[in-house]
Every structure is written in structure tokens, then in C-alpha cells.
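Step one of this worksheet: look at the structure below.
Protein chains in written order, with this note's numbering: chain L, 64 to 238; chain Z, 121 to 505.
Here it is as C-alpha cells:
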């Protein structure tokens, strides 16, 4: 199982685009899914990012962090699509069935996390994914998304506050 | 539950969700195929450059009222050539169109798979008035901007696939292939590349089509793009003058495109430009004199600003004497003597301040403020979706 885009990433300097892309595509799709909220949108965003990376591969592989370069493209491809259409709201994520047989409370908590994330604006959700799925620090997130570290920290704080409220509401409902 | 437990819960929740993603889809193959298609497009651009020269030469012949041999086999009766023209701008391209043509949408990419137009018909009049009903019989200038959340798939299918009811010009419709397409009943659609932007013209009048195509060249009224990250000096410098000397106002609308390069940041591209007269410029200044400080119209929402309007107030010699930057987001307002797109010392945008310059194509190109009570909906597209 590949966990996050930042884990076990190959050194891209000497790799062909094909070798690098085949090694990274699964992790990019997972990242894209968490950022966009749907399989379809994730495929679109990753394909768009890989197309651009392929065109500029000689430059991309020389970058300090090619993965960060492509992740930013994935986020941008998603955010740009909504900007171009003039929409100001985040898409509602599709409901996915999970096949895992974990204890019910863990599933309920995971669903609460996903509800909170899909309710966030695109950029805010990207910050949360980069922080908790990719384990980037705030400076890295800020550099990748072109925002300030303070903004990144604020977005994360808001998301955690929302998660706490979601769990509280759930508990109240259960009680 | 403390903060650390919440963070751990977030990690586990995202991890669990990520495990459900189908990673077997051939996205890398699709990206390679898309790249090959783009390469093909670039090769065609070289051919298009040659066609621009040919079209320009044709334009000279037309100006002399000589018969155009190249169009002798085309169907369609040429009507009288319009006598009044206006200039439309898109990125680093400008093109002349008949002055009475309205404004509408043009095909644009929506995600990787879909190309849509929202909507490919006249929706705003040449003067900038929103039409109560879409008018398919009114010629129009379309841009890849959604004027409505009702869209049609492109290439058009069903009833939309037939010959158009009126001529049109599409600016920046990158999804439209270069070359000429027969639309039936004597209508032809021709697409060329000018300074990196697609220009598409569809008419049943070959002379009109060639006149429009021949007028296309690099823009010069406004900067074609502006760095959205620069904190100062994003525009050329100017010497401040007396507002009483204002003789005209240049209106430049920009929309941000995400930068592909990590180091380059974002760029806002020119989407529309026009110039209003002395009367409108003075009305704007008078409304600004009554202005109040800007305020956040939607303080609880997270938003990214993606559009701006830059207003250059010019004297009788055409020299800029003041430059104001209009911010269009939740904090909608005007930065007087703004030097970049990042400033925040704003005068609140009001209908009276917007009205003098929100004319012509602005209501078809600029979405406008996100929050508030919609007081300026007539001046802008308004929120979609």
C-alpha cells in the first residue's frame, strides 16, 4: 500500500517520464481523490497534471521536488476548473461504499472526517490533505499552494474545529 | 477529544478513504495521448501563422474593393459591410468586430473530458444590457467564460448542430480546431491562431469573415497579463496628474489562470478591454469622491480572488494620470492609485462607482462581487452554480 505522495518517492532526476509516472500515478490518484472528492475529478486532474508534466519533463525532473510540482498541478487543475465555470462553491463529493470490515465506530469517524473534508472549499481541503495525508509542514504547504503558512495553519484549525463539531453532533444524535 | 486525537482521526479517516480509490485506471496512457494531440495542435499553429499573413494580404485587397478570387467558390451572398466597428481584446490579441454585435459564451474546457459553451448565443447587448431572452438571431462575440450554468456540449449536437442563426466571433476558444469547417447552408467557421490565442469566425458572408480575420493582431491597449503575486510595480509606472484633467478611462478586465510553474506564481490574463469617454470618467470620479471604506461581504467564507478590473484615467494626450484597481471578491472595492493586484486599502464598490465603466462586454465577462445583496447584478455576470 502506498501511503501519500511524499512516501517512498523515487529520485526523478535520472528517470524517464514514463518510469516516474508509472511509479507515482497510484499515489497521485489517491491524492487527487482526496483533494477533488470524486474518482472522476481525480482522474481528470491527475491526467491534466501528467500531460503538462510530460510536456515539460526535462524541466520538471530538474525541480527540487518534482512530486510537489505535480501535486500543485493537480490542485490547480481542480481549482481552475471551478474558477473557469464561475462556480464559487465546492463540489459535493460522491458517496462511496466502503468494503472494510472495521469496527463500526471507526467507520463512523472516518465518514465524519470525509463529510467535513467535502464540505471545505477546494483550497482549504487541499491544505488539510497535504497536512494529514501527505504529512507536510505548514511552510511546505504554503510554498506548494502559494499561500502564507498562517493561512495554512488557520485552514487546518478550522477543519479540526469542524470535525469536533461534527463528532459532537453525531454523539448528540446517537444519545 | 483533544487536538492530537482529532489530528490522528483526520489522518486515519483520509487514509481509509484513499484506500478506496481505483488506481488501475490508465491515466498515464491518457496523459501521453493528450500530449500527442497537443503536439499535433502546435504543428498546425505554424500553418496557421502562414494563413494569418495570407488573410492580412486579403484584407488589403478588400480595402481596395477588388474582387476576392479566393472566395469565389464560397457559398453565401455578401451583405453590405458594416460601417461601424469596435475592437475586442482577449489575452494578447485584438480583433475588430461590427459595433452592434452582442456578447455571449464560447466553447471552453470543463475538466479533461468535456468541452462546453455556456451559452453560445448572444446574452448581452453591445451596450452591455443583459438580454431578457437569449437572442440567437443577434451576432455576438463569445469568450470561454460561463455566462450561465446552462451549457451545451461542444462540438454541438442535436438542434445546436445545424448552421447558426447569426454570425459569431469566438475569442480564446482553445478547444476549437484550427482551419475551416463547413457548417452547412453556406456558413463556414474559420479558426486561426493569433499571438497564442484562438480566433474563430463563423459567417455566411466570406468578405465579412475575412475582414474580421484580417484585423486580428497583437493587443496594445492594456497589459495582456499581470502577475497576481507582485506586491508592487505590477503595472507600468506613470506620473500622477490632476483628476480634473481626465479625458477618458481605459477599462482592462483580468482573470487569473493558475500558473504551471512552481516558481512563476499566478498570472491574470486580459479578458476584455474598452475605453469610456470623459463623461463616464468624471461620473466615476464623482462617485469615488463619495466612497466609503471597503468591507468583507462574506466574512465567514473562504475565497480566492480571481478577477480584477484595472481603470486607467487618461488626460487629453492619452497619458495615464491615475490608475485604480477594482477588486472583485468578498472584499469588493477600489484601490486608488493601485500598483498591484494584491493591495487591500479599498474604497467600497457601489453600483454608482461600477456603472460608468461596467459597460459593453463587462457584464458578459466579469462575474463581480461574491457577497452582498446582489445590488450590482446588472453590472456583472453574477454568481453561477
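Idealized CB from N, CA, C, for every residue including glycine.
In its chain, beyond the 5 residues on either side, 352, 353, 354, 355 have a beta carbon closer than 7 angstroms to the beta carbon of residue 459 (chain Z). When the beta-carbon positions are compared, residue 403 (chain Z) and residue 483 (chain Z) stay at least 8 angstroms from each other. Contact of residue 192 (chain L) with chain Z by beta-carbon distance below 8 angstroms involves 134. Where residue 203 (chain L) is concerned, the enclosing alpha helix (DSSP H) starts and stops at 201–208.
Remark: C-beta atoms of residue 375 (chain Z) and residue 427 (chain Z) approach each other more closely than 8 angstroms. Going by DSSP, residue 399 (chain Z) is part of the alpha helix (DSSP H) stretching over 398–409. Of all alpha-carbon atoms in L:119, L:201, L:94, L:196, the one lying nearest the alpha-carbon of residue 132 (chain Z) is that of L:196.
Residue 227 (chain L) has its alpha-carbon roughly 8 angstroms from the corresponding atom of residue 121 (chain Z).
Counting only residues of its own chain and dropping the five nearest sequence neighbours on each side, residue 395 (chain Z) has a CB closer than 6 angstroms to the CB of 368, 370.
At a C-beta separation below 7 angstroms, residue 182 (chain L) has no neighbours in chain Z, since its nearest C-beta there lies roughly 11 angstroms away. Residue 127 (chain Z) sits close to residue 223 (chain L), with the two beta carbons spaced by under 8 angstroms.
Rounded to the nearest whole angstrom, the C-alpha separation of residue 331 (chain Z) and residue 319 (chain Z) is 13 angstroms.
Close CB contacts of residue 234 (chain Z) within its chain, under the 8 angstroms cut and outside five residues either way in sequence, are with 273 (chain order). Near chain L, meaning a CB-to-CB distance below 8 angstroms, the residues of the stretch 129–153 of chain Z are 129, 130, 131, 132, 133, 134, 135, 136, 137, 138, 139, 140, 141, 142, 143, 145, 147, 148, 150, 151, 152. Residue pairing from DSSP leaves residue 330 (chain Z) without any beta-bridge partner. For residue 213 (chain L), no Cβ of chain Z is located within less than 8 angstroms of the residue's own Cβ. Residue 455 (chain Z) is classed as buried because its beta carbon has at least 16 other beta carbons within 10 Å across all chains shown. Assignment of residue 218 (chain Z) by DSSP, reduced to helix, strand and coil, places it in the strand class.
In this structure, residue 328 (chain Z) and residue 210 (chain Z) do not form a Cβ contact; the two beta carbons are roughly 19 angstroms apart against a cut-off of 8 angstroms. Here the alpha carbons of residue 224 (chain Z) and residue 244 (chain Z) stand approximately 7 angstroms from one another. Listed as beta-bridge partners of residue 312 (chain Z) by DSSP are Z:319.
Think of a sphere of 8 angstroms around the beta carbon of residue 386 (chain Z): the chain L residues whose beta carbon falls inside it are 209, in chain order. Taking 7 angstroms as the Cβ-Cβ cut-off, the stretch 84–95 of chain L approaches chain Z at 84, 85, 88, 89, 92, 93, given in chain order. For residue 201 (chain L), not one C-beta of chain Z is nearer than 8 angstroms to its own C-beta. In the displayed model, residue 122 (chain L) falls within a helix according to three-state DSSP.
Contacts with chain Z at 8 angstroms (Cβ-Cβ) do not include residue 171 (chain L). Chain Z places a beta carbon closer than 8 angstroms to that of residue 102 (chain L), counting this residue as a contact. Pairing residue 411 (chain Z) with residue 452 (chain Z) gives a Cβ-Cβ distance that is not under 8 angstroms. With fewer than 16 other Cβ atoms inside 10 Å of its own Cβ, residue 125 (chain L) counts as exposed. Here residue 88 (chain L) is near residue 148 (chain Z), since their CB atoms are less than 8 angstroms apart.
Residue 392 (chain Z) carries a strand assignment under DSSP once its states are collapsed to helix, strand and coil. Shown here, residue 439 (chain Z) sits in coil according to DSSP, grouped into three states, outside any helix or strand. For the options Z:261, Z:392, Z:311, the alpha carbon positioned closest to that of residue 212 (chain Z) is the one of Z:392. Annotated as distal: residue 314 (chain Z) and residue 93 (chain L), with beta-carbon spacing of 8 angstroms or more.
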